[in-house]
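Student: So our numbering is basically just the index in the sequence shown, starting at one, shifted up by 706.
Glycine included, C-beta positions come from ideal geometry on N, C-alpha and C.
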Amino acid sequence: LTLVDRMGDSIRGELNRRQEMLRDAGNYANIHDYEKARSAGAPLQPIPSLVLVIDEFSELLTAKPDFIDMFVQIGRIGRSLGVHLLLASQRLEEGRLRGLETYLSYRIGLRTFSAAESRAAIGVPDAYHLPNVPGSGLLKFGTEEMVRFKAAYVSGVYRAGGQPVASGGPLPVDRRPVPFTAAPVPVRYVRPSPQAGVPEQRSGDDDALADTVLDV
Numbered sequence: 707l708t709l710v711d712r713m714g715d716s717i718r719g720e721l722n723r724r725q726e727m728l729r730d731a732g733n734y735a736n737i738h739d740y741e742k743a744r745s746a747g748a749p750l751q752p753i754p755s756l757v758l759v760i761d762e763f764s765e766l767l768t769a770k771p772d773f774i775d776m777f778v779q780i781g782r783i784g785r786s787l788g789v790h791l792l793l794a795s796q797r798l799e800e801g802r803l804r805g806l807e808t809y810l811s812y813r814i815g816l817r818t819f820s821a822a823e824s825r826a827a828i829g830v831p832d833a834y835h836l837p838n839v840p841g842s843g844l845l846k847f848g849t850e851e852m853v854r855f856k857a858a859y860v861s862g863v864y865r866a867g868g869q870p871v872a873s874g875g876p877l878p879v880d881r882r883p884v885p886f887t888a889a890p891v892p893v894r895y896v897r898p899s900p901q902a903g904v905p906e907q908r909s910g911d912d913d914a915l916a917d918t919v920l921d922v
């Protein structure tokens with residue numbers, strides 16, 4: 707667990723470093739004010755956003771319970787410093803978050819094994835009652851009503867376009883994935899066809915189908 711301890715020290719050090727940068731640059735309240743001044747021409751070093759993704763964080767807290775204090779600190783001041791936290795876990799015991807719930811802007815829960823695990827993840831037992839269909843989940847954003855959704859299937863084996871697919875399997879992919887790039891991508895303007903007609907009026911059956919799909 708030596709590397710885990712080093713990770714914790716690095717994250718805490720980065721939080722302190724960003725606080726010192728804001729203070730030394732002119733006591734800026736947050737990174738947004740800092741970046742505005744930098745965009746206006748102030749000779750300031752850029753402070754990029756930092757996203758911390760912790761998979762199986764429940765196991766991490768079992769081995770290193772003191773990490774919850776660092777997570778709470780990130781939840782409390784992370785946004786002003788440009789530091790964001792994404793936590794993921796297959797199982798979650800009640801009480802494990804210990805004060806972090808207040809700072810979670812959203813939660814996503816798939817089908818859980820018990821109502822208690824659902825309450826620990828999203829605050830209510832609803833995820834336990836989701837249908838036994840892969841991808842079924844609930845989204846909780848702030849204090850708004852829970853949103854039910856069905857995620858896409860992305861774990862299938864990649865198949866090049868034109869290959870036959872067995873019945874019930876994933877649909878073929880027409881083209882290979884495009885590598886991610888941060889470089890500017892020019893937008894191609896496609897002139898609309900003059901023969902494009904007015905779309906047909908939807909029937910009541912179409913509306914009912916759309917409502918059903920969106921409700922899922």
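Which partner residues of I760 appear in the DSSP bridge assignment?
Tutor: Residue pairing by DSSP places I760 opposite L793 in a beta bridge.
Student: Less than 8 angstroms between C-beta atoms, sequence neighbours within five positions excluded: which residues of the same chain meet that for R782?
Tutor: Y809
Student: Quick one, are the C-beta atoms of A794 and T818 less than 8 angstroms apart?
Tutor: no
Student: Starting from V710 and walking both ways along the alpha helix (DSSP H), at which residues does that stretch end?
Tutor: T708 to G732
Student: When you measure from the CB of P771 to every non-hydrogen atom of the ligand GTP, does any distance come out below 7 angstroms?
Tutor: The ligand content of the structure shown is nil, which means the ligand GTP is not present either.
Student: For L766, I'd like the list of residues in its chain whose CB is within less than 8 angstroms of its CB, leaving aside the five on either flank, ordered along the chain.
Tutor: V710, I760 and F773
Student: Determine the closest residue to E823 out of R802, A743 and Y812, with distance taken between C-alpha atoms.
Tutor: R802
Student: Give the range of the alpha helix (DSSP H) segment to which I680 is assigned.
Tutor: Outside the shown range of the chain (707 to 922) lies residue 680, about which nothing can therefore be said.
Student: Could you spell out the range, first to last residue, of the beta strand (DSSP E) harbouring S842?
Tutor: S842 to F847
Student: Name the residue from F763, R723, D730 and A826 whose alpha carbon lies nearest to the alpha carbon of P754.
Tutor: R723
Student: Helix, strand or coil for K856? Go by DSSP, reduced to three states.
Tutor: In the structure shown, K856 sits in a strand (DSSP, three-state: E or B).
Student: Using only alpha-carbon positions, find the residue among P840, V757 and G714 that is nearest to K770.
Tutor: G714
Student: Near S811, what residues of its chain come up, given a Cβ to Cβ distance below 8 angstroms and the 5 sequence neighbours on each side ignored?
Tutor: Excluding sequence positions up to five before and after S811, its CB lies within less than 8 angstroms of the CB of F847 and G848, all in the same chain and listed in chain order.
Student: If you measure between the beta carbons of L750 and V789, is that distance less than 8 angstroms?
Tutor: no
Student: Using C-beta distances below 6 angstroms, list every residue in its chain close to R744, excluding the 5 sequence neighbours before and after it, in chain order.
Tutor: The answer, listed in chain order, is L750.
Student: Under DSSP, the alpha helix (DSSP H) around F777 begins and ends at which residues?
Tutor: F773 to L787
Student: Do R825 and E800 come within 8 angstroms of each other at the CB atom, strictly closer than that value?
Tutor: yes
Student: Would you mind stating whether G815 and G843 have Cβ atoms separated by less than 8 angstroms?
Tutor: yes
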